[in-house]
Amino acid sequence: MTTYTDLRFPQGFLWGCGTAAHQVEGNNTNNNWWEWEQEGGHIKGGDVSGLACDHYNRFDSDFALAQELGHNAHRLSVEWSRIEPEEGRWDMKEVDHYRKVMESLHRHGLVPMVTLHHFTNPIWLERMGGWSNPRSVDLIARFSGFIAKELGDLVPYWFTINEPMVIVVASYIAAEHPPRQQDWSAAMTVSRHLLQAHGAMYRAVKESTTHNPLVGPVHNMPYIEPYDPDSEHDRNAAALADLLMNEYFLAGIDTGTVGPPAGQGEEVAGLKGAWDFIGMNYYSRHRMAHDRPIDPAGLPPPDAELTEMGYEVFPEGFYRQLARLKKYAPPVFVTENGLSTKDDSQRCRHLLRHLAALHRAMQEGTDIRGYLHWTMVDNFEWAEGYQQWFGMVAMEPGTLKRLPRPSAYLFRDIARRNAVTAAMLREHLG
Ligand code: FCB
């Protein structure tokens, strides 16, 4: 029998969930995803985001629920296409909406952690080529400065671009997200622009408010291994994928240069050290085979425990990727971690095993300040539509009523105690 001990977290540790505007708000009619959904044929089951969780109208009761569920922080994104519906025109009604959202977070004891870009582009930007247009760098920096000036008094933490390298892979290599291209050269151009944009956004936020905001990236860090460790080709494929997905962006900020595979060390003014923390997302292990197309599920071993997305449950990779972040100076927030499952007891086990991995990385010296689970309420899962269940809270079809699952209460107890107890581990992991 395994002997468990309590795992305690440092005082002030942040506990909460993450969301993205397009996945929860509803009626985000002015961005490239909405447009793409209407084309048909791109989203599983022909789904469209539609009303999503109607969070645009229900944010106050959602935050009240988060508070009841023990959260003390909340990650969400502001929707650029609402705030700047046409290039250079600010919609102050929407700014006012987000001000109310941030005020509601404060009222409910939730620290606002705000993402400036989470996958969606305003249609006007998409029409000029989106991230492949070099102007995207200045345009998003201007937006970031504007909204930080407007909301700076209410937002202590800003994230620049959600998962830049997922944008590169999903939109320009694997052709799963709009503009659905398979073009290595475009992927490299976009990789450069995203890194430049991060630096420009960091500076824009810092310069726009006197409230000393903390700003950083959100980086998805799959644990990457060769499919066949004995194959040199697979090892090379894994090394390239790891360089692109995991190293390139963080090394870029650390050194202030565009390194391989998208550059040769060209300096970017203002990029070096443009992070006050690292936002880290982790879902799974990905095994790379040189002779197979990129598989979002990462070619799991035959005996692996899988999620509804087909991803492997691999907490060891979470530990290793967190340990890897020790070499960089800034502290870490886990900004996403979770799974899609119809079996909530699997979610409970997943949560505990990942928190144990996080705790171990922390004990061994990675400075981790918070854990934001993905996600609170089931929502619109991009190209998977509504066919996935990432929520600790279910949403009743039709009424959109929020129905907490047992994992939501387990998470509440962890957050309130600021600890995973031995009893919890015994109960769920046996
Ligand atoms: C991440 C995205 C997030 C959500 C989760 C499941 O890659 O950032 O919006 O879709 O995956």
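Residue 34 in my numbering sits at position 21 of the sequence shown, with consecutive numbering throughout. Each residue gets a CB set at the ideal place from its N, CA and C atoms; glycine is no exception. Because the structure is a prediction, the values reported are computed rather than measured.
With H, G and I counted as helix, E and B as strand and the rest as coil, what does DSSP make of residue i?
i, result
"Phe-26", "coil"
"Val-91", "coil"
"Glu-409", "coil"
"Leu-312", "coil"
"His-131", "coil"
"Trp-171", "strand"
"Arg-102", "strand"
"Val-390", "strand"
"Leu-64", "coil"
"Leu-123", "coil"
"Glu-189", "coil"
"Gly-323", "coil"
"Ala-287", "coil"
"Ala-317", "coil"
"Leu-20", "strand"
"Ala-86", "strand"
"Gly-165", "coil"
"Ala-396", "helix"
"Ala-342", "coil"
"Gly-31", "strand"
Pick from the options: whose alpha carbon is nearest that of residue i?
i, options, result
"Tyr-324", "Tyr-17, Phe-403 and Gly-59", "Phe-403"
"Trp-288", "Glu-279, Ser-297, Thr-268 and Asn-294", "Thr-268"
"Leu-338", "Phe-26, Met-234, Leu-164 and Arg-418", "Met-234"
"Asn-43", "Gly-83, Thr-15, Arg-140 and Gln-80", "Arg-140"
"Asn-45", "Ser-94, Gly-31, Pro-343 and Met-301", "Ser-94"
"Ile-96", "Cys-66, Val-124, Leu-129 and Gly-229", "Leu-129"
"Val-347", "Glu-176, Ala-161, Trp-137 and Glu-81", "Glu-176"
"Thr-222", "Gln-194, Arg-148, Gly-165 and Val-114", "Gly-165"
"Glu-92", "Ala-282, Ile-160 and Gly-351", "Ile-160"
"Ile-136", "Val-182, Ser-90, Met-178 and Trp-49", "Trp-49"
"Gly-330", "Arg-305, Leu-263, Glu-81 and His-363", "His-363"
"Met-105", "Asp-357, Leu-167 and Glu-163", "Glu-163"
"Val-13", "Trp-47, Thr-18, Ser-74 and His-372", "Look at the range of the chain in this structure, 14 to 443, and you will see that residue 13 is not part of it."
"Glu-394", "Met-375, Pro-98, Ser-62 and Cys-30", "Ser-62"
"Phe-156", "Ala-275, Ser-244, His-211 and Ala-251", "His-211"
"Gly-411", "Pro-23, Gly-53, Glu-318 and Ala-65", "Ala-65"
"Ala-317", "Ala-199, Arg-333 and Arg-300", "Arg-300"
"Tyr-341", "Gln-401, Thr-133, Ala-264 and Met-375", "Ala-264"
"Leu-416", "Pro-147, Ala-33, Ser-90 and Glu-81", "Glu-81"
"Trp-171", "Ala-187, Met-178, Pro-192 and Lys-219", "Lys-219"
"Pro-328", "His-303, Thr-354, Thr-320 and Tyr-296", "Tyr-296"
"Lys-448", "His-303, Glu-440 and Tyr-399", "With the chain running from 14 to 443 in the structure shown, residue 448 is simply not present."
"Asn-257", "Asp-304, Val-271 and Ser-244", "Note on identity: in this sequence residue 257 is Leu, with Asn being the wrong assignment. Out of Asp-304, Val-271 and Ser-244, Val-271 has the C-alpha closest to the C-alpha of Leu-257."
"Val-345", "Thr-379, Arg-333, Ser-420 and Gln-51", "Thr-379"
"Leu-167", "Ala-33, Thr-354, Leu-423 and Leu-123", "Leu-123"
"His-386", "Trp-197, Arg-21 and Gly-83", "Gly-83"
"Gly-29", "Arg-382, Asp-109 and Leu-438", "Arg-382"
"His-78", "Met-408, Gln-36 and Tyr-185", "A small fix is needed here, since residue 78 is Leu in this sequence, not His. Checking every option, the nearest Cα to that of Leu-78 belongs to Met-408."
"Asn-350", "Arg-418, Val-108 and Arg-298", "Arg-298"
From which residue to which residue does the alpha helix (DSSP H) around residue i run?
i, result
"Trp-49", "45-52"
"Trp-144", "First-last for Trp-144: undefined, no H or E at that position."
"His-299", "Unbroken run through His-299 is the beta strand (DSSP E), 298-301; no alpha helix (DSSP H)."
"Phe-331", "328-337"
"Met-437", "435-442"
"Arg-305", "Premise fails: Arg-305 is in no alpha helix (DSSP H) and is neither H nor E."
"His-372", "357-376"
"His-55", "From DSSP, His-55 is part of no alpha helix (DSSP H); its letter is neither H nor E."
"Gln-36", "34-37"
Check for me: the beta strand (DSSP E) holding residue i runs from which residue to which?
i, result
"Arg-382", "381-386"
"Pro-417", "415-417"
"Asn-70", "Segment 68-81 is the alpha helix (DSSP H) holding Asn-70; no beta strand (DSSP E) there."
"Met-178", "No beta strand (DSSP E) holds Met-178; the alpha helix (DSSP H) holding it covers 177-180."
"Met-293", "291-294"
"Glu-349", "345-349"
Taking only beta-carbon positions, decide if residue i is within less than 8 Å of chain D.
i, result
"Phe-327", "Within the model displayed, chain D is absent; a lone protein chain is all it includes."
3 or more residues per run - each beta strand (DSSP E) lying fully within the segment 217-283: 227-233 and 236-239
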